[in-house]
Amino acid sequence: MRKIAIVLSVVLSAIILLSTPAYALTASTSPSLPDQKLEGATVDFSLTITDIKGNCIIIETDLDKDGNTPIFDITGLTGYQLTIHEKDIEICNNLPSSLTLSIHGRIPKGITTQDVQVQGGKILKLKFFDLGQHIYYRVKDVMDGSVLSSDAKTFTIIHPQLEDARKKIEENIKDPDARRIAEQYIDLGLFDYVYNDLLPLFSKYDPENISRLQNRINELEALVAQLNQTIKKQGQIIQEQNATISQQEGKISQLKGENANLKNENSNLKSQIASLNSQISEKDKKISEMDEARMEYAHKAKNMQIAAVVLFILMLVVGFVGYSTGKKAGYSTGFREGKEKGYSQGYRKGKEDGYQQGLDECQGIKIE
Numbered sequence: 001m002r003k004i005a006i007v008l009s010v011v012l013s014a015i016i017l018l019s020t021p022a023y024a025l026t027a028s029t030s031p032s033l034p035d036q037k038l039e040g041a042t043v044d045f046s047l048t049i050t051d052i053k054g055n056c057i058i059i060e061t062d063l064d065k066d067g068n069t070p071i072f073d074i075t076g077l078t079g080y081q082l083t084i085h086e087k088d089i090e091i092c093n094n095l096p097s098s099l100t101l102s103i104h105g106r107i108p109k110g111i112t113t114q115d116v117q118v119q120g121g122k123i124l125k126l127k128f129f130d131l132g133q134h135i136y137y138r139v140k141d142v143m144d145g146s147v148l149s150s151d152a153k154t155f156t157i158i159h160p161q162l163e164d165a166r167k168k169i170e171e172n173i174k175d176p177d178a179r180r181i182a183e184q185y186i187d188l189g190l191f192d193y194v195y196n197d198l199l200p201l202f203s204k205y206d207p208e209n210i211s212r213l214q215n216r217i218n219e220l221e222a223l224v225a226q227l228n229q230t231i232k233k234q235g236q237i238i239q240e241q242n243a244t245i246s247q248q249e250g251k252i253s254q255l256k257g258e259n260a261n262l263k264n265e266n267s268n269l270k271s272q273i274a275s276l277n278s279q280i281s282e283k284d285k286k287i288s289e290m291d292e293a294r295m296e297y298a299h300k301a302k303n304m305q306i307a308a309v310v311l312f313i314l315m316l317v318v319g320f321v322g323y324s325t326g327k328k329a330g331y332s333t334g335f336r337e338g339k340e341k342g343y344s345q346g347y348r349k350g351k352e353d354g355y356q357q358g359l360d361e362c363q364g365i366k367i368e
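Numbering follows my numbering, with no gaps: position 195 of the sequence shown is 195.
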């Protein structure tokens, strides 16, 4: 039963793979690009990319920048998210199935010079010509960081100096072994030595110069061993640099993810700030209304206070006037009534006192 299940699983996987439509991103240029190009020459072409399936397109090139002119013309790329470096560009955000971009650059010189000290303290200048494959462009169709498909156009650099030297070797050195040695020395970086020394020597071949040439060969073989050691060290350095580049690419990918998270957090913070601003606006409005009500209440209270003071003063004035008027009226009435009562009581008292005095006076009189 287990074997049957495994077979069925394999068959189903094959059916799924066969039913999945295959596609490949395609790129074309106008005008078409040659397989070889002269060093330092300028290159202008329009790159059209079709059958785009991913959410990003990455375009890379080995062309050098021509002065201050950018390699990639982005004037027509509106509405996209662009990440631009000198020799690569990333285009994202709602890509169409077809995209066109203009590219302008310069073919690299592709010549490396190096000074090497040989026995006796002499300095030998080496010159290496880059004969490797380079890219006019490499297009990658990317979906969420994964490359779905890619397309590229390569070229090799034409070096006029090297072409001229090889032509002169072919025309002037008839001995096949001497020709082979000359070409081998060029590959080892001894271009100037071959061009300035070996070519004149081989073109005027003289058996008497064999011993002299052998000494130079021995010296060059020692130099080749030294160069091999240097090349080995450079290879190690390149491996270390590649490892460092891989680590940096990993960090860049991580930073892109963190950047996306920060953008989401920033958007959330903006929404919260907008909500808080709305709440603050409502509170400011309520505070303004309360301030207006407080000022109105204070105004009314002040008016009531003034009215109370005025009323109190009026009461004092009225009371004082009433008190004065009542005092005068009471004094006049009381004086009059008291005077009349005094007259009455005095009369009665005088009468009584006169009568008593009369009686007393009458008691001492004898009647005969």
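Glycine included, C-beta positions come from ideal geometry on N, C-alpha and C.
Under the criterion of beta carbons closer than 8 Å, LEU33 and PHE155 qualify as touching, at roughly 7 Å. A distance of 8 Å or more separates the beta carbons of ILE74 and LEU63. Annotation for GLU86: no beta strand (DSSP E) segment contains it, and DSSP assigns it neither H nor E.
The C-beta distance from LEU148 to ASP141 rounds to 5 Å, short enough to meet the 8 Å contact threshold.
Here GLU90 is near ILE58, since their CB atoms are less than 8 Å apart. LEU359 carries a helical assignment under DSSP once its states are collapsed to helix, strand and coil. Secondary structure note for TYR137: its beta strand (DSSP E) is the uninterrupted segment 134-143.
Burial state of LYS167 is exposed, judged by a 10 Å Cβ sphere holding fewer than 16 other Cβ atoms. Cβ atoms of ILE157 and ILE107 come within 8 Å of each other, at about 6 Å.
ILE52 places its beta carbon 8 Å or farther from that of HIS104. When the five nearest sequence neighbours on each side are left out, the beta carbons in the same chain lying within less than 8 Å of the beta carbon of VAL43 are those of LEU33, LYS37, LEU63, ILE103, HIS104, GLY105, ARG106, ILE107, TYR136, in order along the chain. Take the alpha-carbon of ARG294 and the one of SER288: they are about 10 Å apart. The Cβ atoms of VAL139 and ILE49 lie closer than 8 Å to each other.
In the three-state scheme derived from DSSP, where H, G and I count as helix and E and B as strand, ASP51 is classed as coil.
Of SER267, GLY257, LYS153, GLN114, the smallest CA-CA separation from PRO31 is found for LYS153.
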